[in-house]
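Participant:
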Ligand code: FES
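Residue numbers (this note's numbering): 680 to 838.
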């Protein structure tokens, strides 16, 4: 299975509803981009074209913002996105072993997507719950106190 780009109708509807939700203001750029990214799975070129038109922001600027934030992507991502916290407190709490277990279980490296389109693996800075490190986030679920041995069972919960 390959990751298919979303059709234009889905993309344009996602952009228009996000702009309607937050208003056509450049100040709302991040939440708008975030919503479209969540809805479509990533930010295709035509989403940035439409946002550029509606918000009157150059597409190059939108692309820079979309490339800067790791939660956003200009390339298709897998069905599930696993964000692994790479900040120091999680690292000290055993993050490296969990990171290796995640990479082994998914059989991919950072910023890659599994060939079946199910998983994309990225790293993130502190998720704000350092007290329960090591921490990772799968889609909207924050998972703390992860033990390397638990990784396959955690991943298996996501179909
Ligand atoms: S360092 Fe990982 S959640 Fe804060």
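Virtual Cβ for every residue (Gly too), placed ideally from N, Cα, C.
Between residue 633 and residue 823, which are expected to be in contact by the criterion C-beta below 8 Å, what is the C-beta distance as a whole number of angstroms?
Facilitator: As displayed, the chain neither begins before 680 nor continues past 838, which places residue 633 out of reach and without an answer.
Participant: Look at the Cβ atom of residue 798, then the Cβ atom of residue 787, and state whether they are nearer than 9 Å.
Facilitator: Numbered from 1 along the chain shown, position 119 holds the residue referred to as residue 798. Numbered from 1 along the chain shown, position 108 holds the residue referred to as residue 787. Yes; because the gap between Cβ atoms is below 9 Å, this pair is in contact.
Participant: Could you check if residue 774 is buried or exposed, using at least 16 other CB atoms within 10 Å of its CB as the buried criterion?
Facilitator: Here residue 774 refers to the residue found at position 95 when the chain shown is read from its first residue. Residue 774 comes out buried.
Participant: Please find out if some non-hydrogen atom of the ligand FES comes closer than 8 Å to the beta-carbon of residue 812.
Facilitator: Counting from one through the chain shown, the residue named residue 812 turns up at place 133. Yes, the ligand FES has a heavy atom inside 8 Å of this Cβ.
Participant: Apply the 10 Å Cβ neighbour rule to residue 748 and answer buried if 16 or more other Cβ atoms are within range, or exposed otherwise.
Facilitator: Looking up residue 748 in the chain shown gives position 69. Per the 10 Å Cβ criterion, exposed.
Participant: Would the C-beta of residue 708 count as close to the ligand FES, meaning under 8 Å from any of its heavy atoms?
Facilitator: Mapped onto the chain shown, residue 708 falls at position 29. No, the Cβ of residue 708 stays beyond 8 Å of every heavy atom of the ligand FES.
Participant: Taking the alpha carbon of residue 755 as the reference point, which residue from 726, 738, 827, 780 has its own alpha carbon closest?
Facilitator: Taking the first residue of the chain shown as position 1, residue 755 is located at position 76. Closest option to residue 755, Cα to Cα, is 726.
Participant: Hey, is the stretch 730-740 in contact with the stretch 707-714, meaning 3+ C-beta pairs nearer than 8 Å?
Facilitator: As far as the Cβ criterion goes, the stretch 730-740 touches the stretch 707-714, which means the pair count is three or higher.
Participant: With hydrogens ignored, establish whether the beta-carbon of residue 806 is closer than 8 Å to any heavy atom of the ligand FES.
Facilitator: In the chain shown, counting from the first residue as 1, residue 806 sits at position 127. Residue 806: yes, Cβ under 8 Å from the ligand FES.
Participant: Check whether the Cβ of residue 767 sits closer than 8 Å to any heavy atom of the ligand FES, and report yes or no.
Facilitator: On the chain shown, position 88 is the one that residue 767 refers to. For the ligand FES, at least one heavy atom lies less than 8 Å from the Cβ of residue 767.
Participant: Please report the straight-line C-alpha distance between residue 692 and residue 771, rounded to a whole angstrom.
Facilitator: Numbered from 1 along the chain shown, position 13 holds the residue referred to as residue 692. Numbered from 1 along the chain shown, position 92 holds the residue referred to as residue 771. Taking the straight line joining both Cα atoms gives about 44 Å.
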